[in-house]
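I have placed the structure first, in the form of structure tokens, so that the comments after it can refer back to it.
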Amino acid sequence: MAKRTLTKQLDLIPTKASLDELREAAKSCKNCDLWKLGTQTVFGEGVAHSRLMLVGEQPGDQEALAGKPFVGPAGKLLDNALVEAGIDRKKVYVTNAVKHFKWEPRGKRRIHKKPNAAEIAACRPWLDAEIAAIRPKVIVCLGATAAQALLGKDFRVTQHRGEFVESTLAPYVAATVHPSSILRAPDENARHEEMARFIADLKKIARVLQ
Ligand code: URA
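Per our numbering: the sequence shown = residues 947 to 1156.
Right, dumping it as structure tokens:
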């Protein structure tokens, strides 16, 4: 395995590494301070040469405990939407822009805190390494944080959701909303509508995967 590094800051990242090697190396990442919050690195998960890579924001409480992305409530919603769109989650690589859970205490609970630009930038080399290892045909950013990480801070998911955008990252790159935004919809009707829009975005993705 070549030990040349992808970035100066992250000497941990070996080039041409397999996903397993990357996952192992990421366990000891201290490229930003989020490792100090005491939960494990949650690396991406899925088959090595998936045609589709989904990128979320950061692991939540349940993901941090399980060490796997999208296993909590947002993950369940994502699973349902993928089924409706005809996409098999077992064939998808799922990861996050930031690989540690950022949280603050509220009573006994750990409450999600949005990662800042420096934390997103600090984690970007891992995302680049995952993309280089997998070389997916399609990358989909789920929500503003992933879109900011991969498409730049001026990209607006609200304006360009479900559209394919020019990118050197993969032949097809798009963004849609984060599944947890659907969970936060104010009432049942709004949730239903948002879910339908999310599924419609995923169906566009399913078409280019065929
Ligand atoms: N939200 C995310 O963005 N990623 C996860 O893994 C879980 C919830």
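We treat Cβ as the ideally placed atom computed from N, Cα and C, and that holds for glycine.
Beta-bridge pairing of residue i - partner residues as DSSP gives them
| i | result |
| --- | --- |
| residue 1049 | 1058 |
| residue 991 | 1040 |
| residue 1087 | 1001 and 1121 |
| residue 1110 | 1120 |
Extent of the continuous alpha helix (DSSP H) to which residue i belongs
| i | result |
| --- | --- |
| residue 1010 | 1007-1012 |
| residue 1069 | 1063-1080 |
| residue 1146 | 1134-1155 |
| residue 1019 | 1019-1031 |
| residue 972 | 965-972 |
Heavy atom of the ligand URA within 7 angstroms of residue i beta-carbon
| i | result |
| --- | --- |
| residue 1124 | yes |
| residue 1031 | no |
| residue 1110 | no |
| residue 1004 | yes |
| residue 1013 | no |
| residue 1042 | yes |
| residue 1144 | no |
| residue 1021 | yes |
| residue 1016 | yes |
| residue 1009 | yes |
Cβ separation of residue i and residue j, assumed to be a contact under 8 angstroms, to the nearest whole Å
| i | j | result |
| --- | --- | --- |
| residue 1038 | residue 992 | 6 angstroms |
| residue 1120 | residue 1109 | 6 angstroms |
| residue 1046 | residue 1089 | That pair is no contact at about 17 angstroms. |
| residue 1084 | residue 1116 | 6 angstroms |
| residue 1144 | residue 1122 | 6 angstroms |
Chain C contact for residue i (CB, 8 angstroms cutoff)
| i | result |
| --- | --- |
| residue 1113 | Here chain C cannot be found, since the structure has a single protein chain. |
**Message:** Taking contact to mean 3 or more Cβ pairs, one atom from each stretch, closer than 8 angstroms, check whether the region 1056-1066 and the region 1000-1011 are in contact.
**Reply:** yes
**Prompt:** Are the region 1014-1024 and the region 1096-1116 touching by the rule of at least three beta carbon pairs closer than 8 angstroms?
**Reply:** no
**Asked** Is there contact between the region 1067-1074 and the region 1022-1039, where contact requires at least three CB pairs shorter than 8 angstroms?
**Response** no
**Prompt:** Would the region 971-982 and the region 1027-1034 be scored as touching if the rule is three or more Cβ pairs under 8 angstroms?
**Reply:** no
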